[in-house]
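Chemist:
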Amino acid sequence: MRFRTLSFFCGVAATAVTTSIAWGQQPVAPAAPETTVSPTPQPSPTPQSATDIVLDAKNDSVGIAQQTARAKGLQTRILWMDAGANVGNLNSEAKVTDIIQKVKSSGINTIVLDVKPIVGETIYPSKFAPRLTKWTNGEVDPSFDVLRSVLDAAHAAGLTVYANMSTFGEGHKYVKRGLAYTHPDWQTIMYETDRSVSYEGASAPITYMNQLPKDDKGLGALTGQGLIGQNRPGYTIAILNFDARVTAVYDGASLADAHVTLPPRGSALAGSGVMGDWLKAHAIPGEIMTYRSVAKYVPIVSVPDQKITMFCNPINPEVRQHNLDIVREVATNYDVDGMIFDDRLRYAAINADFSPLSRTTFEQHVGHALTWPDDVYRESEYPGQAPIYGPYYQDWLTWRASNIQSWVAEASNVVHSVRPKAQMAVYVGSWYGDYEKVGMNWAGQDFQAGYPWLTPEYQKTGIASLLDWITTGCYYTKATVAEAVAAGTGPGATVEGAGLLSNRVVNDAAWTYAGIYALSYENDPAQFERAIKAAAGSTQGVMIFDMSQIIQYNWWDTIADAFGHTSAVAPHSVDGLLAQVRAQHAADKAAGKPQPEIPAYQGIEDTGF
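The numbering used here runs 2 ahead of the 1-based position in the sequence shown.
(1) Is residue 201 buried or exposed, if buried means 16 or more other CB atoms sit within 10 Å of its CB?
(2) What did DSSP end up calling residue 585 once you bin it into helix, strand or coil?
(3) Identify the continuous beta strand (DSSP E) that holds residue 464 and give its terminal residues.
(4) Confirm, please, whether the CB-CB distance from residue 317 to residue 164 is below 8 Å.
(5) Whole angstroms is fine: what's the gap from residue 338's alpha carbon to residue 315's?
(6) Once the 5 residues before and after residue 292 are set aside, which same chain residues still bring their CB inside 6 Å of it?
(7) Taking residue 274 and residue 237 to be in contact with their CB atoms under 8 Å, please state how far apart those CB atoms are, rounded to whole angstroms.
(8) Within 10 angstroms of the Cβ of residue 290, are there 16 or more other Cβ atoms? Answer buried if so, exposed if not.
(9) Assign residue 587 to buried or exposed, taking buried as 16 or more other Cβ atoms, counted over all protein chains shown, within 10 Å of its Cβ.
(10) Which residues does DSSP list as the beta-bridge partners of residue 313?
(11) Any chance you could list the beta strand (DSSP E) runs of at least 3 consecutive residues sitting entirely within the region 293–373, in chain order?
(12) By DSSP, does residue 224 sit in helix, in strand, or in coil?
(13) Compute the Euclidean distance between the alpha carbons of residue 143 and residue 167, then round it to the nearest angstrom.
(14) Residues in its own chain within less than 8 Å of residue 322 by CB, not counting five upstream and five downstream?
(15) Would you kindly work out how many angstroms separate the C-alpha atoms of residue 174 and residue 121, rounded to a whole number?
(16) Under 7 Å Cβ to Cβ from residue 302, same chain only, skipping five residues before and after it: list those, please.
(17) Can you tell me which of 518, 496, 360 and 354 puts its alpha carbon nearest to the alpha carbon of residue 440?
(18) What residues in its chain sit with their C-beta under 6 Å from that of residue 246, if we drop five residues either side in the sequence?
(19) Whole-angstrom Cβ separation of residue 515 and residue 545, contact assumed at under 8 Å?
(20) If I measure Cβ to Cβ from residue 74 and keep anything under 7 Å in the same chain, skipping five residues before and after, which residues do I get?
(21) Taking contact to mean at least 3 C-beta pairs separated by less than 8 Å, is the region 426–435 in contact with the region 492–503?
(22) Can you list, in chain order, the stretches of the beta strand (DSSP E) that have 3 or more residues and sit fully within the region 76–141?
(23) Judging by CA-CA distance, which residue of 162, 385 and 69 is the nearest neighbour of residue 198?
(24) Classify residue 244 as buried or exposed, calling it buried when 16 or more other Cβ atoms lie within 10 Å of its own Cβ.
(25) Per DSSP, what kind of secondary structure is residue 248 in: helix, strand or coil?
(26) Within 10 angstroms of its Cβ, does residue 531 collect 16 or more other Cβ (buried), or is it exposed?
(27) Using only the alpha-carbon positions, how far apart do residue 478 and residue 522 sit?
(28) Leaving out the 5 sequence neighbours to the left and right, which residues in its chain are closer than 6 Å to residue 334 when beta-carbon positions are compared?
(29) With distance defined between alpha-carbon atoms, name the residue in 448, 609, 601 and 602 nearest to residue 590.
(30) Taking DSSP as the reference, what is the three-state secondary structure of residue 505?
(31) Using the Cα positions of residue 177 and residue 128, report the straight-line distance between them to the nearest angstrom.
(32) Does the region 50–58 come into contact with the region 95–115, if we say contact requires no fewer than three beta-carbon pairs (one atom in each stretch) closer than 8 Å?
(33) Using the Cα positions of residue 627 and residue 469, report the straight-line distance between them to the nearest angstrom.
(34) According to DSSP, simplified to helix, strand and coil, what is residue 378?
(35) Between residue 441 and the ligand ADP, is there a pair consisting of the residue's CB and a ligand heavy atom that are separated by less than 7 Å?
(36) Do you know how far the Cα of residue 481 is from the Cα of residue 491?
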């Protein structure tokens with residue numbers, strides 16, 4: 003794998019922003035960071051290949067895990083096989099044998115096989131879940147055990163196989179299948195709001211947030227400038243400032259010509275038909291309108307803007323046990339090299355779970371009754387403005403993360419009671435700075451940074467030390483930080499930038515592998531190759547999602563080219579090596595050695611979900 007390295011820190015417009023925190027220093031809300039201007043990265047020497055890349059050598063060499071893997075020439079190369087997308091690709095022994103041969107020849111050394119996708123059905127015969135036998139791209143005979151076939155072929159080829167589970171996702175909204183449908187009491191309960199606006203006693207519902215209303219039964223509240231930057235024929239648009247004072251009312255057909263700008267923290271109300279007439283009558287420039295929001299608690303199936311996964315409540319005892327049963331079943335009946343849990347190992351969003359069970363359990367946790375949901379947080383009446391955080395918001399964040407941590411610990415005990423040498427892993431989004439919203443802390447427990455929610459108690463909920471490796475979704479089209487700087491865009495939204503942050507967050511508690519999404523590079527195999535190199539250069543390996551695209555684009559040779567047509571040993575395959583890394587990390591900490599700097603590469607929320 004060929005890449006150039008160049009030492010530089012860089013941010014937007016080649017500005018370096020780093021945070022240095024010593025061992026033992028308590029995290030505080032970030033102050034204005036020290037900012038210095040670094041030299042703009044110079045092009046690497048004349049490349050021998052169009053897919054050569056320039057890497058940030060200083061940040062790409064941080065951490066004992068990274069240095070150890072590099073010094074020993076170790077590199078993990080994972081190919082992910084999604085269950086639904088590959089039904090037609092893995093439905094016979096002949097196909098499995100052919101694919102494993104291609105996987106091996108491409109230089110891949112590790113397979114993640116999705117055995118329980120978000121629909122909650124399994125690719126093997128299970129006592130606890132329905133069988134996945136059909137998806138959009140094909141069918142598989144129920145008598146054919148896909149997991150057994152892949153394991154046999156992969157192990158014969160010298161490849162390791164990890165079985166993946168969608169843990170707290172138990173249904174697919176598009177096909178309306180899954181145990182969350184047959185067990186509606188499993189569904190997570192979302193805190194939503196009924197919104198309205200009024201003037202002198204006349205009220206209208208706000209039924210759409212940041213969308214133009216699709217009917218005349220309610221208004222749409224728009225908080226983004228892009229939504230009012232073009233003509234909107236058939237709509238009436240009222241502009242309100244931060245305290246709901248009407249500044250202007252427009253005919254949507256001439257919106258662009260008016261060059262409308264939203265006031266700071268302000269919003270627009272849009273209505274058509276009857277609702278458009280209501281705005282014309284009641285949104286009077288200079289007058290103050292009244293916003294109102296009322297909390298409501300609804301199952302996730304009733305929340306239209308939630309994504310396809312039917313999330314369940316992570317503290318529901320039946321949900322937890324169901325997933326532990328499947329973990330035990332797989333570990334007992336199949337010689338998997340380990341278990342991995344994908345990005346459904348979390349809460350659905352910041353507004354989950356607000357069920358009676360969660361309220362009662364959280365109140366028991368804090369020791370007294372709460373004003374619900376205000377003591378946690380409540381949505382502002384004003385569209386687009388920040389929630390109003392209650393006195394127990396931080397406790398809520400920590401409690402949710404501890405619920406995920408405790409399940410991972412239980413799953414680890416189950417796996418190791420059956421298969422002592424099997425490993426544990428997770429796939430997560432790489433944007434750690436916003437991950438508290440989904441209630442899952444994948445960091446090393448001694449990772450410190452300026453995030454205000456990363457308190458000493460929250461640090462204790464980190465799960466990295468329970469794992470052997472972590473792969474993060476660094477699903478960006480730009481491969482390197484240097485590429486982003488050249489384009490004038492943020493370095494965090496790159497494969498390399500996301501990988502750098504991931505490696506720092508895990509902080510030597512586990513091996514870290516940057517994941518890339520093949521679909522992001524459709525029709526651009528050269529950029530796909532660069533992304534592989536950036537992932538492997540910024541962490542201890544790479545995870546490629548998904549095999550279905552590799553087959554569709556016939557990119558087996560492209561993968562081999564990225565790896566220089568070489569083979570490699572995965573660091574997680576070397577017995578005792580992670581223990582050595584952790585021991586050296588602990589020794590450095592005890593000696594007072596400062597933590598490496600933390601590049602301010604934030605990334606984009608929800609990337610990889």
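Just so you know, even glycine gets a beta-carbon here, dropped at the ideal spot from N, CA and C.
These numbers come from a predicted model, not from an experiment.
Modeler: A quick look at the data gives this:
(1) For this step, residue 201 is matched to residue 199 along the sequence shown. Burial is judged here by how many other beta carbons sit within 10 angstroms of a residue's own beta carbon; residue 201 has at least 16 and is buried.
(2) Sequence index remark: in the sequence shown, residue 585 carries index 583 (1-based). Residue 585 falls in the helix class under three-state DSSP.
(3) Along the sequence shown, one-based indexing puts residue 464 at 462. For residue 464, no beta strand (DSSP E) encloses it, and the DSSP letter there is neither H nor E.
(4) In the sequence shown, counting from the first residue as 1, residue 164 sits at position 162. In the sequence shown, counting from the first residue as 1, residue 317 sits at position 315. No, the pair does not count as a contact, with Cβ atoms beyond the cut-off.
(5) For the purposes of this step, residue 338 is identified with residue 336 of the sequence shown, where counting begins at 1. For the purposes of this step, residue 315 is identified with residue 313 of the sequence shown, where counting begins at 1. Between residue 338 and residue 315, the C-alpha separation is close to 28 Å.
(6) Your numbering for residue 292 matches position 290 in the sequence shown. The residues are 200.
(7) By one-based count along the sequence shown, residue 274 stands at place 272. By one-based count along the sequence shown, residue 237 stands at place 235. The C-beta distance from residue 274 to residue 237 rounds to 5 Å, short enough to meet the 8 Å contact threshold.
(8) Position 288 of the sequence shown holds residue 290. With fewer than 16 other CB atoms across the displayed protein chains lying within 10 angstroms of its CB, residue 290 is exposed.
(9) As a working note, residue 587 is residue 585 in the sequence shown. Residue 587 is buried by the Cβ-count criterion.
(10) In the sequence shown, the residue the question calls residue 313 occupies position 311. Bridge partners of residue 313: 171.
(11) Runs found: 311–313 and 340–343.
(12) Along the sequence shown, read from residue 1 onward, the residue named residue 224 stands at position 222. Assignment of residue 224 by DSSP, reduced to helix, strand and coil, places it in the strand class.
(13) For the purposes of this step, residue 143 is taken as residue 141 along the sequence shown, with counting starting at 1. For the purposes of this step, residue 167 is taken as residue 165 along the sequence shown, with counting starting at 1. Looking at the backbone, the Cα of residue 143 and that of residue 167 are separated by about 21 Å.
(14) As a working mapping, residue 322 is identified with position 320 in the sequence shown. Cβ neighbours of residue 322 beyond the five flanking positions: 316, 409 and 412.
(15) Reading the sequence shown from its first residue, position 172 is the one you call residue 174. Reading the sequence shown from its first residue, position 119 is the one you call residue 121. Rounded to the nearest angstrom, the two C-alpha atoms are 5 Å apart.
(16) As a position in the sequence shown, residue 302 is number 300, starting the count at 1. Excluding sequence neighbours, residue 302 sits near 189, 190, 192, 308, 312, 313 and 350.
(17) Counting from 1 along the sequence shown, the entry for residue 440 is found at position 438. Residue nearest to residue 440 within the set 518, 496, 360 and 354 is 354 (criterion: CA-CA distance).
(18) Reading the sequence shown from its first residue, position 244 is the one you call residue 246. Taken in chain order, the residues that qualify are 290, 291 and 293.
(19) Here the question's residue 515 lines up with position 513 in the sequence shown. Here the question's residue 545 lines up with position 543 in the sequence shown. That belief holds up - the Cβ atoms of residue 515 and residue 545 are roughly 5 Å apart, short of 8 Å.
(20) The count along the sequence shown starts at 1 and reaches residue 74 at position 72. Non-local beta-carbon contacts of residue 74 in its own chain, meaning distances under 7 Å to residues more than five positions away in sequence, are absent.
(21) The region 426–435 is in contact with the region 492–503.
(22) Here the runs fully enclosed are 78–83 and 112–118.
(23) On the sequence shown, residue 198 is found 196 positions in, with the first residue counted as 1. Among 162, 385 and 69, the Cα nearest to that of residue 198 is on 385.
(24) Taking the sequence shown and counting its residues from 1, one reaches residue 244 at position 242. Under this definition residue 244 is an exposed residue.
(25) As a first step, residue 248 is located in the sequence shown; it is residue number 246 there, counting from the start. In the structure shown, the three-state DSSP call for residue 248 is strand.
(26) Translated into the one-based positions of the sequence shown, residue 531 becomes position 529. Label assigned to residue 531: buried.
(27) If you number the sequence shown from 1, residue 478 lands on position 476. If you number the sequence shown from 1, residue 522 lands on position 520. Cα-Cα distance, rounded: 7 Å.
(28) The residue you call residue 334 lines up with position 332 of the sequence shown. Counting only Cβ-Cβ distances below 6 Å, and skipping sequence neighbours, we find 420.
(29) Numbered from its first residue, the sequence shown carries residue 590 at position 588. When only C-alpha atoms are compared, the closest one is 448.
(30) On the sequence shown, position 503 is the one that residue 505 refers to. Residue state for residue 505 is assigned as helix, using DSSP reduced to three classes.
(31) Here residue 177 refers to the residue found at position 175 when the sequence shown is read from its first residue. Here residue 128 refers to the residue found at position 126 when the sequence shown is read from its first residue. Rounded to the nearest angstrom, the two C-alpha atoms are 21 Å apart.
(32) Contact fails: fewer than three Cβ-Cβ distances are below 8 Å.
(33) The requested residue 627 does not occur in the structure, where the chain is confined to residues 3 to 611.
(34) In the sequence shown, counting from the first residue as 1, residue 378 sits at position 376. Correct three-state label for residue 378: coil.
(35) Among the ligands in the structure shown, none appear at all, so the ligand ADP cannot be discussed.
(36) Against the sequence shown, residue 491 aligns to sequence position 489. Against the sequence shown, residue 481 aligns to sequence position 479. The alpha-carbon atoms of residue 491 and residue 481 are separated by roughly 12 Å.
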